[in-house]
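Only one structure is covered here, and it is reproduced in the block below.
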Amino acid sequence: MQPLAVIGNLSRDLVDGAPPRVGGAPYWSARALRELGAPALVAVKCADFDRRLLAPPVLALGLPVLWLAAHSTAAFSFHYEGDRREMTVDELGEAWTPEDIRFLGDARWVHVGALARSDFPAETLAELAGGGRQVSFDGQGLVRPARTGPLELDAAYDPEVLRHVSILKLNEEEARVLVGGVDAAALGALGVPEVLVTLGSRGSLVVADGVLEEIGAEPVEGADPTGAGDAFAAAYLAARSDDQAPVAAAHSATELVARLLRS
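What the sequence shown shows, in numbering that gives the first Met the number 0, is residues 0 to 262, in sequence order.
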């Protein structure tokens, strides 16, 4: 397995009125990588005053963590209705710059856990993809506008972003916002070599080389689905870095997510 990294803003999450807890792709992805025993660097940003809350659960995962300074912490309030999540953006995290990327060292496979469109501009992704890195990107960074308030998705993203992306992870709602559907032609039109679409308890879709494959999943009753998409993306990236083909990697990721949901 080649060196991996997960980068992104941590978030301060309020779920169904419970006390604040850690969130964001770096945390949920790191949980998956720990379960796999995959060596990886976790690079995060949050405001200094939030570290007391957010740092302990991240550090407890046992992976090396790189903390970058930020003036703000992403914050969300949400609740679930079945597989559907209703969300309010309370605060935006800080944007990542090309200068931030120099800390990633020899990581050749990187998952970019964008929480909003402003997190990772095209110039930052261009720097990240330099030197032959394989970049996985969370579609939240395409469809979530950089504003606070009730979350309303749109497709007004910078197309330059996708020029630097090798793997794009979407959920079903994001796919419909971007291309109006989940068929191979629509998803392939995004121009990304591999596109993953998570379908909640129904599994996922993988589009690679113009071919769409459906990946089934066994529902896990009563489990909190928060972070399942991030875990799926990280497990998929780990499998691809270990030379698994896209469909096999999606099956591996599905099995890993099911284990985490049951734990």
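For every residue, glycine included, the Cβ atom is placed at its ideal position computed from N, Cα and C.
In chain order, what residues of the same chain have a beta carbon less than 6 Å from the beta carbon of residue i, not counting five sequence neighbours either side?
i, result
"P2", "D105, A106, R107"
"L103", "A4"
"E126", "P97, I100"
Straight-line CA distance for residue i to residue j?
i, j, result
"A149", "L236", "It is worth fixing the name first, because residue 149 is Pro in this sequence and not Ala. Roughly 31 Å between the two C-alpha positions."
"L154", "V176", "According to the sequence as given, residue 154 is Ala; it is not Leu. Distance between the alpha carbons of A154 and V176: 6 Å."
"C193", "L211", "Checking the sequence shown, residue 193 turns out to be Glu, not Cys. In a straight line, the C-alpha of E193 is about 10 Å away from that of L211."
"V159", "V191", "It should be noted that the sequence gives Glu, not Val, for residue 159. For E159 and V191, the distance between alpha carbons rounds to 12 Å."
"D99", "L67", "8 Å"
"V21", "G36", "22 Å"
Report all residues from its chain with a CB closer than 7 Å to the CB of residue i; omit the five preceding and five following residues, and keep chain order.
i, result
"A94", "S117, D118, P120"
"R33", "L60, G61, L62"
"L58", "V64"
Below 8 Å between beta carbons: does that hold for residue i and residue j?
i, j, result
"K168", "G209", "no"
"D229", "G112", "yes"
"V5", "A29", "yes"
"A233", "A54", "no"
"E220", "A257", "no"
"A203", "I214", "The sequence shown places Ser at residue 203, not Ala. Yes, Cβ-Cβ distance for S203 and I214 is below 8 Å."
"L114", "S10", "yes"
"L288", "I166", "Residue 288 lies beyond the stretch modelled for the chain, which goes from 0 to 262, so this question has no answer here."
Could you check if residue i belongs to the surroundings of the ligand ATP, using beta carbon to heavy atom distance under 7 Å?
i, result
"A184", "The ligand ATP is not part of this structure, which contains no ligands at all."
Could you give the C-beta distance for residue i and residue j, rounded to a whole number, given that I count them as a contact under 8 Å?
i, j, result
"V142", "E173", "5 Å"
"H163", "V206", "So it is not a contact: roughly 18 Å between Cβ atoms."
"E85", "F77", "6 Å"
"V178", "L189", "7 Å"
"L260", "A222", "4 Å"
Ranges of the beta strand (DSSP E) found wholly within the stretch 41-96, counting only runs of at least 3: 64-67, 73-80, 83-90
Unbroken alpha helix (DSSP H) runs of length 4 or more, entirely within the stretch 138-186: which are they? 139-142, 171-178
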